[in-house]
Amino acid sequence: MTSAPTHIPVLLKETIEALAVQPGGRYIDCTLGAGGHTVAILDRSSPGGQLLGIDADPEAIKIARARLEAYSSSILLVNENFVDLEAICIKYDFLPVHGILFDLGLSSLQLNSRGRGFSFQHDAPLDMRLNPSQEITAADIINTSSEAELAHLLKTYGEEGYSHQITHRIVQERPIKTTLQLVRVIERAVGRRRGKLHPATRTFQALRIAVNHELENLEAALKRAINLLGFDGRLVVISYHSLEDRIVKQLMQRESKDCICPPSVPTCVCGHRACLRLINKRVITPSPAEVQLNPRSRSAKLRVAERIITHDEYYRTTEEYRFSAQVNGGWRRPALLEKLRVTFSAL
Ligand SMILES: C[S@@+](CC[C@H](N)C(=O)[O-])C[C@H]1O[C@@H](n2cnc3c(N)ncnc32)[C@H](O)[C@@H]1O
Numbered sequence: 003m004t005s006a007p008t009h010i011p012v013l014l015k016e017t018i019e020a021l022a023v024q025p026g027g028r029y030i031d032c033t034l035g036a037g038g039h040t041v042a043i044l045d046r047s048s049p050g051g052q053l054l055g056i057d058a059d060p061e062a063i064k065i066a067r068a069r070l071e072a073y074s075s076s077i078l079l080v081n082e083n084f085v086d087l088e089a090i091c092i093k094y095d096f097l098p099v100h101g102i103l104f105d106l107g108l109s110s111l112q113l114n115s116r117g118r119g120f121s122f123q124h125d126a127p128l129d130m131r132l133n134p135s136q137e138i139t140a141a142d143i144i145n146t147s148s149e150a151e152l153a154h155l156l157k158t159y160g161e162e163g164y165s166h167q168i169t170h171r172i173v174q175e176r177p178i179k180t181t182l183q184l185v186r187v188i189e190r191a192v193g194r195r196r197g198k199l200h201p202a203t204r205t206f207q208a209l210r211i212a213v214n215h216e217l218e219n220l221e222a223a224l225k226r227a228i229n230l231l232g233f234d235g236r237l238v239v240i241s242y243h244s245l246e247d248r249i250v251k252q253l254m255q256r257e258s259k260d261c262i263c264p265p266s267v268p269t270c271v272c273g274h275r276a277c278l279r280l281i282n283k284r285v286i287t288p289s290p291a292e293v294q295l296n297p298r299s300r301s302a303k304l305r306v307a308e309r310i311i312t313h314d315e316y317y318r319t320t321e322e323y324r325f326s327a328q329v330n331g332g333w334r335r336p337a338l339l340e341k342l343r344v345t346f347s348a349l
């Protein structure tokens, strides 16, 4: 039914379990990639399942569309950034949903693609844009930022301990236009080998995060995702580095607490109400067997939380409850839907 996979989906079984995929369910794969997780979700949600697949990379959409042809009646694929998740769901009337998946980062297809500039193993223009219609490329950042800005970027987004040495060399040798040119500059700054990581790893990670606004987009999208989940809906996130995982962990922890006042405040004044329940208290990681089969999975961390009803969302009137019971077996959240529709129709 499907062609040979070109990207091996990470933590596949664990993801499907975490999403609690059920026949007839409605799901969003915010990071469609090569469609690996999507195929498994569609198979498990059959009959009647529906899936909205999002990817910022038009090339990924093209490849996934061809791979998922057999499922065309159950899927909607859109070339958008997941930061716009709420607007996308409103536009396509795809809400609320039973589960939302984020499998962050890049697919093997993107990493191995020679012309995109994501990998320091192939020579290519320093681009790194997920969507080629974005304006700023990695070369723009490298060649126009001040030395201090670049050092800050490498330190915060790459957790690079040699940020000053690398940046100083970059500024001396600019303009830098290609990936291998940048690799040579980094090697001249810090030497060829440092431990297990290639010396360019952290600089490339930092640039990619900056070019694609990865951390800001993730945080905004996760907040929106929580609002789009029906009660008992699952939010599942697979991250590949500590900066992403910290955002996911902190957000899930915060949203699963009824009070977020600092410990020094004796009585709650925040009024915060939990809207999530943590499903896995400890992060899920790949087995040694999976890492051996797919080394790319080695840094993966999966976190999952379930949408719960908040105090404010209890049906206040019989009328509200009756409406919700008529639509979709009592599962819609009419007040939220109405609020979203009003917000977006006013834009
Ligand atoms: C790790 S891959 C997903 C692989 C997929 N789960 C599979 O099994 O084939 C991540 C995908 O997310 C996409 N992506 C990353 N950030 C995005 C964003 N902000 N909006 C939409 N797509 C994004 C990338 O273009 C890439 O195709």
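Its first residue numbered 3, the sequence shown is counted upward by one per residue in the numbering used here.
Where is the CB? At the ideal position from N, CA and C, for every residue including glycine.
All figures in this text were calculated on a predicted structure; none of them were measured in a lab.
Per DSSP, reduced to three states, the secondary structure at residue 303 is strand. Only buried fits residue 11, as 16 or more other CB atoms lie within 10 angstroms of its CB. Per DSSP, the beta-bridge partners of residue 104 are 239. DSSP, read as helix, strand or coil, puts residue 180 in strand. The alpha carbon of residue 127 has as its nearest neighbour, out of 181, 169, 243, 234, the alpha carbon of 181.
Listed by position in the chain, the residues whose beta carbon lies within less than 5 angstroms of some heavy atom of ligand 1 are 9, 11, 33, 35, 36, 38, 39, 57, 58, 59, 62, 83, 84, 105, 107, 109, 132, 219. Proximity to residue 290 across 62, 91, 302 peaks at 302, based on C-alpha coordinates. For residue 43, no beta strand (DSSP E) run applies; the uninterrupted alpha helix (DSSP H) run containing it begins and ends at 38–47, by DSSP.
If you look at residue 28, you'll find it in the beta strand (DSSP E) that goes 28–31.
Under the three-state reduction of DSSP output, residue 53 falls in the strand class. Shown here for residue 94: same chain residues with a beta carbon closer than 7 angstroms to its own, the five before and five after excluded, namely 54, 78 in chain order. Leaving aside the five residues that flank residue 224 on each side, the residues in its chain whose CB is nearer than 6 angstroms to its CB run, in chain order, 253. With fewer than 16 other CB atoms across the displayed protein chains lying within 10 angstroms of its CB, residue 50 is exposed. Contact check for residue 39 against residue 125 fails: the beta carbons are separated by 8 angstroms or more. For the set 269, 234, 298, the Cα lying nearest the Cα of residue 277 is the one of 234.
Looking at the DSSP output, residue 127 shares a beta bridge with 180. In the displayed model, residue 111 falls within a helix according to three-state DSSP. Our two residues, residue 46 and residue 310, have alpha carbons roughly 23 angstroms apart in a direct line. Comparing C-alpha distances from residue 219 to each of 199, 179, 246, 242 shows the shortest one belongs to 246.
A distance below 8 angstroms separates the beta carbons of residue 274 and residue 262. With respect to the 8 angstroms criterion, residue 102 and residue 32 are classified as neighbours on the basis of their beta carbons.
Residue 204 and residue 165 have their alpha carbons spaced roughly 9 angstroms apart. In the three-state reduction of the DSSP assignment, residue 271 falls in the coil class, being assigned neither a helical nor a strand state. When the Cα atoms are used, residue 27 and residue 238 turn out to be separated by approximately 15 angstroms. Between residue 168 and residue 144, the CB-CB gap reaches or exceeds 8 angstroms. The C-beta distance from residue 256 to residue 120 rounds to 32 angstroms, too long to fall under 8 angstroms, and the pair is not in contact.
Counting only the Cα atoms, residue 217 lies some 29 angstroms from residue 69.
The closest CA to that of residue 107, considering only 285, 206, 284, is found on 206. Just so you know, the alpha carbons of residue 110 and residue 214 end up roughly 17 angstroms apart.
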